[in-house]
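**Student:**
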Amino acid sequence: MDLLATTAGRLDRAELLARYRRNRERSARLFGLIRDGAYESQPIPLRHPFAFYEGHLPAFSFLTLNERALGETPLDPALERLFERGIDPGTIDDARRYRRSDWPSRDQIAQFGRACDERVEAAIRTARIEDANVPRLVRGESVHTILEHEQMHHETLTYIIHQLDAADKNRVAHEHRDGPLPAARYIDVPTGVATVGALRDDIPFGWDNEFEAHAQDVPAFSIAAYPVTNGDWLAFVADGGPTPAFWVERDGAWRLRTVFEEIALPRSWPVYVTHRQASAYARWAGMRLPTEAEYHRAAYGAPGGIERPFPWGAEPASPERGNFDFTRFDPEPAGAHPLGASAWGVHELVGNGWEWTASLFEPFPGFTPMASYPQYSADFFDGKHYVMKGASPVTASELIRPSFRNWFFDDYPYMYAKFRCVY
Ligand SMILES: [Fe+2]
22 MDLLATTAGR LDRAELLARY RRNRERSARL FGLIRDGAYE SQPIPLRHPF
72 AFYEGHLPAF SFLTLNERAL GETPLDPALE RLFERGIDPG TIDDARRYRR
122 SDWPSRDQIA QFGRACDERV EAAIRTARIE DANVPRLVRG ESVHTILEHE
172 QMHHETLTYI IHQLDAADKN RVAHEHRDGP LPAARYIDVP TGVATVGALR
222 DDIPFGWDNE FEAHAQDVPA FSIAAYPVTN GDWLAFVADG GPTPAFWVER
272 DGAWRLRTVF EEIALPRSWP VYVTHRQASA YARWAGMRLP TEAEYHRAAY
322 GAPGGIERPF PWGAEPASPE RGNFDFTRFD PEPAGAHPLG ASAWGVHELV
372 GNGWEWTASL FEPFPGFTPM ASYPQYSADF FDGKHYVMKG ASPVTASELI
422 RPSFRNWFFD DYPYMYAKFR CVY
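Going by the numbering used here, the first residue of the sequence shown is number 22, and it counts up by one from there.
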């Protein structure tokens, strides 16, 4: 991935500080969608209450950068401990154990957040945030960790807000449009090599599960030019297939629960389903899900054996290339961004919903847990999580890079994941 080499280099403090502030503003906007009465609610039982997340984001940043990487003194040990735990409860029993009735008030949490922000921003401005001899500071790892951690929480926070009753959230008005169903078309990708993962010197930052880069031989395959849509899925339901979690039936008609409202089912939108449901559809259709390596080949490969940093080439991610980075909360018709198509003509491999792969989430050869967040990936190499690639409408553009990997349980129903079939 030679094209990515040019983006590595020394840390730009002004840019990092601006990104931290953009993140905090986006967090404030998202928490602002939750009405006071719902602040301690848990619309998804296996996720924490909103109150936890509002404290967790600044607490994680402060603990990871100031306290653990730079050795600074604590700010408020009790609140830091309360908000530290980042991994969501694994079982309903865990979730019960975590339940409490004495969360600090919304104002107290906001005040704690501001105190953390002040210290984090001061560190980004002046501290020694890059040090080749301190594992947590190599290539500025801890600063990047806190920035991407907050951006990933923006997405999971949106999933949870999605499940909140309409009466408990402040609605963001926006237009939805349906469109014609894209033609069912399959594209032949010839035998070739996919580079999966990244080299540490080629990208400014990557999570531990992105390393090391390695080549995989990928035999020829055919892949759908567009993801499976709600319209496609209707035929599966008519034949006894499962109903996606975001669909609701009213008076014999299918409707879709978007982030803020319920609308007539847009047939041209990609269908959001679990890995288990996607796999069942693919079997029903006589096909299968792509492997992680096939996804790479379809998205980043190009004739002549070259590989490119984005499906569309080398230009940075922008709204014309796909539906991501919070331009909107919900999907658009499949194929709405022809400028985002890959070299083979495969549409929206990045944006409009993550793409399920058939691959289990596993470490690459040479995996080492990262110093700044050692449990980030290692806790999930359990043979129960599958890799998703690409981006959803609420994935920050900074997270869009070939090596970025997302993963979920095979039957977790709340995330924004679409799929396509290969044969
Ligand atoms: Fe977290």
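Every residue gets a Cβ at the ideal spot worked out from N, C-alpha and C, and that includes glycine.
Source: prediction; values computed, not measured.
#1: Please list the terminal residues of the continuous alpha helix (DSSP H) segment that includes residue 258.
#2: Just checking, does the region 242-260 make contact with the region 301-312 on the three C-beta pairs under 8 Å criterion?
#3: Going by beta carbon distance, what residues of the same chain come within less than 7 Å of residue 176, once the five residues before and after it are set aside?
#4: Per DSSP, what kind of secondary structure is residue 285 in: helix, strand or coil?
#5: Tell me where the alpha helix (DSSP H) around residue 103 begins and ends.
#6: For residue 154, count the other beta carbons within 10 Å of its own beta carbon; 16 or more makes it buried, fewer makes it exposed. Which is it?
#7: I'd like to confirm something about residue 429: is its beta-carbon nearer than 7 Å to some heavy atom of ligand 1, or not?
#8: How big is the Cα-Cα spacing for residue 364 and residue 397?
#9: If you compare alpha carbons, which of 145, 352, 290 is closest to residue 39?
#10: Between which residues of its own chain and residue 166 is the CB-CB distance below 7 Å, once the five residues before and five after are set aside?
#11: Is the region 177-188 touching the region 60-67 in the sense that three or more CB pairs, one from each, lie closer than 8 Å?
#12: State buried or exposed for residue 444, treating a residue as buried only when at least 16 other CB atoms are found within 10 Å of its CB.
#13: Considering only C-alpha positions, which residue in the set 142, 128, 93 is nearest to residue 36?
#14: For ligand 1, is there any heavy atom lying closer than 7 Å to the beta carbon of residue 175?
#15: Note down, in chain order, each residue of its chain lying with its Cβ closer than 6 Å to the Cβ of residue 87, except the 5 sequence neighbours on either side.
#16: Measure how close the beta-carbons of residue 285 and residue 276 come, nearest whole angstrom, since I'm counting them as under 8 Å.
#17: Could you tell me which uninterrupted beta strand (DSSP E) segments, each at least 3 residues in length, are contained entirely in the region 183-223, listed from first to last along the chain?
#18: Mind checking who residue 407 pairs with in its DSSP beta bridge?
#19: Can you round the beta-carbon distance between residue 192 and residue 267 to whole angstroms, since I take them to be within the 8 Å contact cut?
#20: DSSP beta-bridge partners for residue 346?
#21: Kindly list the residues whose CB is nearer than 7 Å to the CB of residue 386, restricted to its own chain and excluding five residues on each side of it in sequence; keep chain order.
#22: Below 7 Å, is the gap between the Cβ of residue 170 and the nearest heavy atom of ligand 1?
#23: With respect to 7 Å, is the separation between the Cβ of residue 81 and the closest non-hydrogen atom of ligand 1 below this value?
#24: Determine the direct distance from the alpha carbon of residue 312 to that of residue 53, and round the result to whole angstroms.
#25: Of the residues 366, 301, 352, 354, which one's Cα is nearest the Cα of residue 332?
#26: Closest by CA to residue 316, which one among 77, 58, 215, 399?
#27: Which of helix, strand or coil does DSSP assign to residue 359?
#28: Could you tell me whether any non-hydrogen atom of ligand 1 is closer than 7 Å to the CB of residue 77?
#29: Can you tell me which of the three DSSP states residue 242 falls into?
#30: Quick one: grab the DSSP three-state call for residue 130.
#31: So, does the region 250-264 touch the region 207-222, judging by three or more C-beta pairs under 8 Å?
#32: Can you check the region 125-174 for any alpha helix (DSSP H) of at least 4 residues that lies completely inside it and give the ranges in chain order?
#33: My output table needs one value for residue 25: the three-state DSSP class, helix, strand or coil.
**Tutor:** On the basis of the supplied data:
#1: 251-259
#2: yes
#3: 413, 415, 416
#4: strand
#5: 98-105
#6: exposed
#7: no
#8: 33 Å
#9: 145
#10: 85, 393, 394
#11: yes
#12: exposed
#13: 142
#14: no
#15: 93, 140, 144
#16: 6 Å
#17: 207-210, 213-217
#18: 381, 429
#19: Actually they are not in contact, since the Cβ atoms of residue 192 and residue 267 sit about 17 Å apart, beyond 8 Å.
#20: In the DSSP output, where bridge partners are listed per residue, residue 346 has none listed.
#21: 233, 235
#22: yes
#23: yes
#24: 39 Å
#25: 366
#26: 215
#27: helix
#28: yes
#29: strand
#30: helix
#31: no
#32: 127-147
#33: Because the pLDDT at residue 25 is just 36, under 50, the model does not fix this residue reliably, and the value given afterwards should be weighed accordingly. If DSSP states are grouped into helix, strand and coil, residue 25 belongs with the helices.
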